[in-house]
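Each remark here refers to the structure printed beneath this line.
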Amino acid sequence: MNRVEFLLTPTTVTWSDFTNPHRPGWDRTTLRLFVFDRARYEASLRTTAQPPATGA
Numbered sequence: 101m102n103r104v105e106f107l108l109t110p111t112t113v114t115w116s117d118f119t120n121p122h123r124p125g126w127d128r129t130t131l132r133l134f135v136f137d138r139a140r141y142e143a144s145l146r147t148t149a150q151p152p153a154t155g156a
């Protein structure tokens, strides 16, 4: 399982410190930080959390 640190501020969501305990030798230093606008991030989560539509 991959792991990542999350930092939440009123305006941003930051992902950092990526690790995978099953792959300790993998170099993730090039990943650096992923910084997202918090409002857009949360809106995306709400969208993806919706149950799939059923075909009629």
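Residue 101 is where the sequence shown starts when you use the numbering used here, and the numbers rise one by one after that.
Glycine residues also receive a C-beta, built at the ideal position from the N, C-alpha and C atoms.
Q: Could you check which residue in Ala139, Gln150, Asp127 and Arg128 has the C-alpha nearest to that of Leu108?
A: What you label residue 108 is simply residue 8 of the sequence shown in a count that begins at 1. Check the Cα spacing between Leu108 and each of Ala139, Gln150, Asp127 and Arg128: the tightest is with Ala139.
Q) Roughly how many angstroms separate the alpha carbons of Ala149 and Thr129, rounded to a whole number? A) For the purposes of this step, residue 149 is taken as the residue at position 49 of the sequence shown. For the purposes of this step, residue 129 is taken as the residue at position 29 of the sequence shown. Approximately 31 Å, taken between the alpha carbons.
Q.
Below 8 Å on the Cβ atoms is my contact criterion, and I expect Thr119 with Arg103 to pass it. Report the Cβ-Cβ distance as a whole number of Å.
A. The count along the sequence shown starts at 1 and reaches residue 119 at position 19. The count along the sequence shown starts at 1 and reaches residue 103 at position 3. Confirmed, Cβ separation roughly 5 Å.
Q. Identify the residues that DSSP records as bridge partners of Phe136: which are they?
A. Indexing the sequence shown from 1 puts residue 136 at position 36. Within the DSSP secondary-structure output, Phe136 pairs in a beta bridge with Val113.
Q.
Tell me the rounded alpha-carbon separation between Ser116 and Pro151.
A. By one-based count along the sequence shown, residue 116 stands at place 16. By one-based count along the sequence shown, residue 151 stands at place 51. The straight-line gap from Cα to Cα measures roughly 29 Å.
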